[in-house]
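Residue numbering for the sequence shown follows our numbering, beginning at 466 and increasing consecutively. Glycine is no exception: its CB is placed at the ideal position from the N, C-alpha and C atoms.
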Amino acid sequence: MALTLQIILVIVSILMTVAILFHKGKGGGLSSLFGGGVQSNLSGSTTATRNLDRITVVLVIIWLAAIIGLNLIQAYAA
Numbered sequence: 466m467a468l469t470l471q472i473i474l475v476i477v478s479i480l481m482t483v484a485i486l487f488h489k490g491k492g493g494g495l496s497s498l499f500g501g502g503v504q505s506n507l508s509g510s511t512t513a514t515r516n517l518d519r520i521t522v523v524l525v526i527i528w529l530a531a532i533i534g535l536n537l538i539q540a541y542a543a
């Protein structure tokens, strides 16, 4: 079980890093490569930006659950 959670933690960490890098910063961002550049300047937020935010939040929740699960396994396995 611990090995499974560790593998999930590594995969989600990589995906979360990529998702965060796709977010738009103060200037342009990597998200502007996928159609978020021109439209986001004209309107508030695009569908791509909102979906990227949702994906990032889901990845963070999975990441936190894996960390808590690993800590519980470590605390009660000893």
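Going straight from the alpha carbon of residue i to that of residue j, what length do you get?
{"i": "Thr-512", "j": "Ile-532", "result": "30 Å"}
{"i": "Leu-486", "j": "Gln-539", "result": "32 Å"}
{"i": "Val-525", "j": "Leu-535", "result": "15 Å"}
{"i": "Arg-519", "j": "Lys-489", "result": "14 Å"}
{"i": "Thr-482", "j": "Met-466", "result": "24 Å"}
{"i": "Ile-472", "j": "Leu-480", "result": "12 Å"}
{"i": "Val-523", "j": "Leu-537", "result": "21 Å"}
Report buried or exposed for residue i, applying the criterion of at least 16 other Cβ atoms within 10 angstroms of its Cβ.
{"i": "Ala-542", "result": "exposed"}
{"i": "Leu-468", "result": "exposed"}
{"i": "Leu-517", "result": "buried"}
Between which two residues does the alpha helix (DSSP H) holding residue i run?
{"i": "Thr-512", "result": "512-542"}
{"i": "Met-481", "result": "467-487"}
CB residue i to CB residue j, shorter than 7 Å?
{"i": "Thr-514", "j": "Ala-484", "result": "no"}
{"i": "Val-475", "j": "Trp-528", "result": "no"}
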